[in-house]
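Chains as they are written, first to last, in the numbering used here: chain A, 410 to 973; chain B, 26 to 181.
Cβ coordinates follow ideal geometry from the N, Cα and C atoms, glycine included.
No experiment lies behind these values; they were computed from the predicted model shown.
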């Protein structure tokens, strides 16, 4: 059957199983919006700024494991989407972004709302396409979804000139896709796995260090099974939280700059490090010269370029994390009785000593609200079962430290790019995907203002997100660094003229709450969680100069943490 | 590489974004119209070269990649050199040098010679060094292309 390009886009999305599309209309995509208007299979969510469309699709993807899909217009529509595309790229989130483009004959003419979208998104997407013929449209979309969701996932941009959306051709859903130049790893090397198992057997002070790749690669269950089988200590990166149950005895908390003392000390002293789906980011390693000085390193990753990029690796294993772990498990089962139990016991004893330092303890005696207490209370009130998004800064670290994620896909934050403004739209995506679950956005008064307009989207689609704003009247993380490293010269980290967030929330049709006393924190959270069908903006006035501890200063090793 | 618009910028962009050094880069068609062949000359420690290879392989448009420096290989660069050849003595000298270096004089006017030389970069540099620098009007170098020795080849 002959369809227009616009109809093909919409039909394709339906055939691909896409239920939600986040976007914003404009001239170059009007044909596509017209085609969307005439059907009911794909629900379009109208955001208030294209950046939010990409973050919402991203939150949708992080909370489901399915690709998020975005539709924006040419020019400013595409450039506004770039921050969200880069955010997804840094965290390897599967996403397909369809951008409108000016008609083919105007490309290169500085036409109205023209920008070189493919050029701009090239360095911040996994791949991108400019569709030049309507006959290539369906196969290009297929490739886009295939590339976005396989191998190391990532965002893919498909730029479609307006005339192509009017041109007609026969449409058949492409069942298969093959690309000679793109063959993501589906297997792994058993020889390397054998080497890893041999090395694991020699370990006296083993350590598991796992990242977002475990969640993206659907390996959380296998990882948990393996960790328990071996009785090894485990730490997760910021991106990897939830891959292993945080309340479990073997879990040492997050590692890195604001990780726990026990996780970082165990990293520093371990003799065999098993890194899985993690990329030795600078916020994790601290001073790379001082990183894991005693360890032989096993590194499992789907992306060969992640291996040996920052640190030398003794046993590299390339492959999908779940396939690797599933192949490793039976071998480990066979040899687990040969592990040096005496050494392992001594190692656990040493770790318990570090744990006894209680590095996350904070003072709750005063009459100002401690931000940590808000997060801890949220954790308790939601039974640790909420989907939690965050923005970027101190509140993000406190969320990671004090909300104990026992399940994957629940923690949504911009780890790699560190994008302020991510939290609210990401929560919208998660809430669209999980309408009956509690979705909370932990944010600060700085970050929330970067995408505050999305309160309107929450209203339009009845998204009952709970916004937990830790309002300290400072750009807290900037202020903390200025306190530590710039002798307290607080350049531009104080935000004057804050809005009345309660009235602001109310003006958007939501519930606004202001909480000023520690004694009101839990009851306010309980009250908010009872409002199942309302979005609630909770403005917590928190301790102004609280810092995030523990902390590894720049240039220090993981064993050189500042505790308090 | 896939002969696609943008493939060249993906490679060039990768090098600039990650701070790798490109000494030369040449692209040309192959016997298969859907593919083009690119030769890149770059320098770096073993670790850096390993990263460059991995990062290039990650680009969707890269079909196959070979580090031809790993084995014996032939490399060639084309140079066109425009020289001021004002008198007989100089012209004779240029002719002699061109013969020694197995080049060709491809264009002659009353006062100007154009010499063509296809050789390794080192030999080309040696040739330039042998010429009186005051005589050089213009140097055009194509960048290096290369091919592996013997059976080893970069074909699909």
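>> Just to make sure I have the definition right: I need the residues of chain A whose C-beta is within less than 8 Å of the C-beta of residue 35/B. Which are they?
In response: In the second chain, counting from the first residue as 1, residue 35/B sits at position 10. Near residue 35/B (Cβ distances below 8 Å), the residues of chain A are 531.
> Nearest-angstrom Cα distance between residue 136/B and residue 127/B?
Replying inline: Indexing the second chain from 1 puts residue 136/B at position 111. Indexing the second chain from 1 puts residue 127/B at position 102. Residue 136/B and residue 127/B have their alpha carbons spaced roughly 22 Å apart.
> For the region 91-142 of chain B, which segments carrying the alpha helix (DSSP H) assignment without a break, of at least 4 residues, lie completely within its bounds, in sequence order?
Replying inline: DSSP runs (the alpha helix (DSSP H)) wholly in the region 91-142 of chain B: 113-125.
> Since residue 686/A contacts residue 620/A with CB under 8 Å, what's their CB separation in whole angstroms?
Replying inline: Here residue 686/A refers to the residue found at position 277 of the first chain. Here residue 620/A refers to the residue found at position 211 of the first chain. 5 Å between Cβ atoms; contact.
>> Looking at chain A, is there any beta carbon in it that lies within less than 8 Å of the beta carbon of residue 177/B?
In response: The residue labelled residue 177/B in the question sits at position 152 within the second chain. No, residue 177/B does not count as interfacial toward chain A.
> Exposed or buried, residue 121/B, counting other C-beta atoms within 10 Å across all chains shown (16 or more means buried)?
Replying inline: Here the question's residue 121/B lines up with position 96 in the second chain. Exposed: under 16 other Cβ atoms inside 10 Å.
>> Going by C-alpha to C-alpha distance, which of 967/A, 780/A, 928/A, 796/A sits closest to residue 880/A?
In response: For the purposes of this step, residue 880/A is taken as residue 471 along the first chain, with counting starting at 1. Selected option, being the one with the closest Cα: 780/A.
>> Does chain A have any CB closer than 8 Å to the CB of residue 133/B?
In response: Here residue 133/B refers to the residue found at position 108 when the second chain is read from its first residue. It does not: the Cβ of residue 133/B has no partner Cβ on chain A nearer than 8 Å.
>> For the structure I just gave you, are there three or more beta carbon pairs, one from the region 35-47 of chain B and one from the region 956-965 of chain A, closer than 8 Å?
In response: No: the two stretches stay apart, fewer than three of their Cβ pairs being nearer than 8 Å.
> Can you tell me where the beta strand (DSSP E) with residue 875/A in it begins and where it stops?
Replying inline: Taking the first chain and counting its residues from 1, one reaches residue 875/A at position 466. Boundaries of the beta strand (DSSP E) around residue 875/A: 875-880.
> So, does the CB of residue 527/A fall closer than 8 Å to a CB anywhere in chain B?
Replying inline: Your numbering for residue 527/A matches position 118 in the first chain. Using a Cβ-Cβ cut-off of 8 Å, residue 527/A counts as an interface residue toward chain B, since at least one Cβ of chain B sits closer than that to its own.
> Helix, strand or coil for residue 489/A per DSSP?
Replying inline: The residue you call residue 489/A lines up with position 80 of the first chain. Correct three-state label for residue 489/A: helix.
> Cα separation between residue 357/A and residue 536/A?
Replying inline: Any property of residue 357/A remains undetermined from this structure, which presents chain A solely from 410 to 973.
> If contact means a Cβ-Cβ distance below 7 Å, which residues of the region 580-597 of chain A contact chain B?
Replying inline: For the region 580-597 of chain A, which is checked against every Cβ of chain B, the residues closer than 7 Å are 589, 590, 591.
>> Here's the rule I'm using: 16 or more other beta-carbon atoms within 10 Å means buried, otherwise exposed. How should residue 817/A be labelled?
In response: For the purposes of this step, residue 817/A is identified with residue 408 of the first chain, where counting begins at 1. When all chains shown are included, residue 817/A counts as buried.
> Would you say the region 501-516 of chain A touches the region 565-579 of chain A, given that touching needs at least three Cβ pairs under 8 Å?
Replying inline: Verdict: yes, contact present.
> List, in order along the chain, the chain B residues whose C-beta lies closer than 7 Å to that of residue 556/A?
Replying inline: Reading the first chain from its first residue, position 147 is the one you call residue 556/A. In chain order, 85 make up the part of chain B whose C-beta sits under 7 Å from the C-beta of residue 556/A.
>> Could you tell me the alpha carbon to alpha carbon distance between residue 524/A and residue 487/A, rounded to whole angstroms?
In response: The count along the first chain starts at 1 and reaches residue 524/A at position 115. The count along the first chain starts at 1 and reaches residue 487/A at position 78. If you draw a straight line from the Cα of residue 524/A to the Cα of residue 487/A, it comes to about 8 Å.
> Along chain A, which residues have their Cβ under 7 Å away from the Cβ of residue 27/B?
Replying inline: Numbered from 1 along the second chain, position 2 holds the residue referred to as residue 27/B. Within 7 Å Cβ-Cβ: 590.
>> Is it buried or exposed, residue 483/A, if we count other Cβ atoms within 10 angstroms and call 16 or more buried?
In response: One-based indexing of the first chain puts residue 483/A at position 74. Here residue 483/A is buried: its Cβ has 16 or more other Cβ atoms, across all protein chains shown, within 10 Å.
>> Spatial neighbours of residue 971/A within its chain, please: C-beta separation below 8 Å, excluding the five flanking residues on both sides.
In response: Within the first chain, residue 971/A is the residue found at index 562, counting from 1. Cβ within range, chain order: 958, 959, 960, 961, 962.
>> From the DSSP secondary-structure annotation, give me the bridge partner or partners of residue 861/A.
In response: Against the first chain, residue 861/A aligns to sequence position 452. DSSP, once it has assigned bridges, lists no residue as partnering residue 861/A.
>> Pairs of beta-carbons, one from the region 611-627 of chain A and one from the region 646-665 of chain A, closer than 8 Å: are there three or more?
In response: The answer is yes - the region 646-665 of chain A touches the region 611-627 of chain A, with three or more Cβ pairs under 8 Å.
> Which residues, taken in chain order from the region 86-98 of chain B, show a beta carbon closer than 7 Å to some beta carbon of chain A?
Replying inline: Correct list: 86, 87, 88.
> Is DSSP giving residue 788/A helix, strand or coil here?
Replying inline: Your numbering for residue 788/A matches position 379 in the first chain. Three-state DSSP puts residue 788/A in a helix.
> Whose C-alpha, out of 813/A, 625/A, 586/A, 750/A, is nearest the C-alpha of residue 662/A?
Replying inline: Counting from one through the first chain, the residue named residue 662/A turns up at place 253. Among 813/A, 625/A, 586/A, 750/A, the Cα nearest to that of residue 662/A is on 813/A.
>> Run through chain B and tell me which residues come within less than 7 Å of residue 718/A, C-beta to C-beta.
In response: Taking the first chain and counting its residues from 1, one reaches residue 718/A at position 309. Neighbours of residue 718/A across chain B, judged by C-beta separation under 7 Å: 76.
>> Buried or exposed for residue 859/A, going by 16 or more other Cβ atoms inside 10 Å?
In response: Here residue 859/A corresponds to residue number 450 of the first chain, with the count starting at 1. The residue is buried, with at least 16 neighbouring Cβ atoms inside 10 Å.
>> In the DSSP output, what is residue 821/A paired with across the bridge?
In response: Residue numbering aside, residue 821/A sits at position 412 when the first chain is read from its first letter. According to DSSP, residue 821/A bridges with 798/A.
> Based on Cα-Cα distance, which residue from 543/A, 574/A, 411/A lies nearest to residue 436/A?
Replying inline: Taking the first chain and counting its residues from 1, one reaches residue 436/A at position 27. For the residues 543/A, 574/A, 411/A, the minimum Cα distance to residue 436/A belongs to 574/A.
> So, do the region 574-592 of chain A and the region 662-672 of chain A have three or more beta carbon pairs nearer to each other than 8 Å?
Replying inline: Of all C-beta pairs linking the region 574-592 of chain A to the region 662-672 of chain A, fewer than three are shorter than 8 Å, placing the two stretches out of contact.
>> Strictly below 7 Å CB to CB, what residues from chain A border residue 58/B?
In response: Reading the second chain from its first residue, position 33 is the one you call residue 58/B. Within chain A, not a single residue places a beta-carbon under 7 Å from that of residue 58/B; the smallest gap is close to 14 Å.
> When the cut-off is 8 Å and only beta carbons count, does residue 536/A lie next to chain B?
Replying inline: The residue given as residue 536/A occupies position 127 in the first chain. With 8 Å as the cut-off, residue 536/A counts as an interface residue toward chain B.
> residue 659/A: which of 665/A, 667/A, 666/A, 641/A sits nearest, CA to CA?
Replying inline: As a working mapping, residue 659/A is identified with position 250 in the first chain. The residue with the shortest Cα to Cα distance from residue 659/A is 641/A.
>> Within the continuous alpha helix (DSSP H) that includes residue 468/A, where are the two ends?
In response: If you number the first chain from 1, residue 468/A lands on position 59. Per DSSP, the unbroken alpha helix (DSSP H) holding residue 468/A starts and ends at 459-473.
> Using 8 Å as the limit for Cβ to Cβ distance, is residue 729/A near chain B?
Replying inline: Walking along the first chain from the start, residue 729/A turns up at place 320. Chain B, which has no Cβ nearer than 8 Å to the Cβ of residue 729/A, makes this no.
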